[in-house]
Every structure is written in structure tokens, then in C-alpha cells.
Amino acid sequence: MPKYLFEATYVGQGIKGLMKEGGTARRDALTEALKSVGGTLDSFYYAFGYYDVLGVFDVPDDASAAALSLLINSTGTVNVRLKPLLSVEDLDEAAKKTPAYRAPGQ
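In my numbering, the protein residues as written are 950 to 1055.
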């Protein structure tokens, strides 16, 4: 299953909800959302800095990841960004490919 890194920032009422419910409840809510599309949560961490939450999850396909992102962002309480992750084997395979490309101005 494809893996994704997620970076999330709580905004507005989302911050109040986090303080009221606690971190465990928010992690559990994400776990349930992932289960609903056939996914699993690999890791979930709160952090200092620009992003409040960071983690990794698996879902069956890109459409499932996009559906989660759209739904979560549509609440207006959390801004989430997803990044597809590549295994070292995926990178090895990519390095073997030679795409055709012309740099600008050449």
C-alpha cells in the first residue's frame, strides 16, 4: 500500500477542539477515518514548529489519500498536507529510468 507523510496544523476551532478532546482522541479519529478507506496509521506525533502534527499512514491508493485530505481540509479546523513516500527500492527503480527532458533555454 502507498505510504504518505502528513503534516497538519490546527486552526481556529480546531485548536479549541484539540484542547477539549486531547491528543489521543484526535489520533483515534484519524485512525477511524483511515480504516473507513482501508488504511492504517503507522505513526502520529505532535510537534513544536509550523506543523502541529506529523505522521505516516498507508492507504490502498492515491484516490483514498485525496479523499481523506479533501474531507479533513473541508472542516476548516485543520490544514493538512500530504506527501507520497518512496521506499529505497522505489528510488532504485526510478534511478534506472531515463526520461527524455530538455532544460529551459537548451
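Glycine included, C-beta positions come from ideal geometry on N, C-alpha and C. Computed from a predicted model, the values in this text were never measured in an experiment.
* Asked: What are the boundary residues of the beta strand (DSSP E) that includes residue 1032?
  -> 1027-1034
* Asked: Going by DSSP, what residues sit across from residue 957 in a beta bridge?
  -> Paired residues: 1002, 1029.
* Asked: Is the beta carbon of residue 960 less than 9 Å from the beta carbon of residue 1028?
  -> Their beta carbons are under 9 Å apart, which means residue 960 touches residue 1028 by this criterion.
* Could you check where the alpha helix (DSSP H) with residue 1011 kicks off and where it finishes? -> Per DSSP, residue 1011 belongs to the alpha helix (DSSP H) from 1011-1023.
* To do: Leaving aside the five residues before and after residue 991 along the sequence, list all residues of the same chain whose C-beta is less than 8 Å from its C-beta, in chain order.
  => 952, 1004, 1005, 1006, 1007
* Using 8 Å as the threshold, is the stretch 1033-1046 in touch with the stretch 970-978, meaning 3 or more CB pairs across them? -> No contact exists between the stretch 1033-1046 and the stretch 970-978.
* Asked: Using the C-alpha atoms, what's the distance from residue 1052 back to residue 1002?
  -> Spanning the two alpha carbons is a distance of roughly 37 Å.
* Among 1055, 958, 1042, which has the Cα closest to the Cα of residue 999? -> 958
* **Buried versus exposed call for residue 997 [16 or more other C-beta atoms within 10 Å across all chains shown]** => exposed
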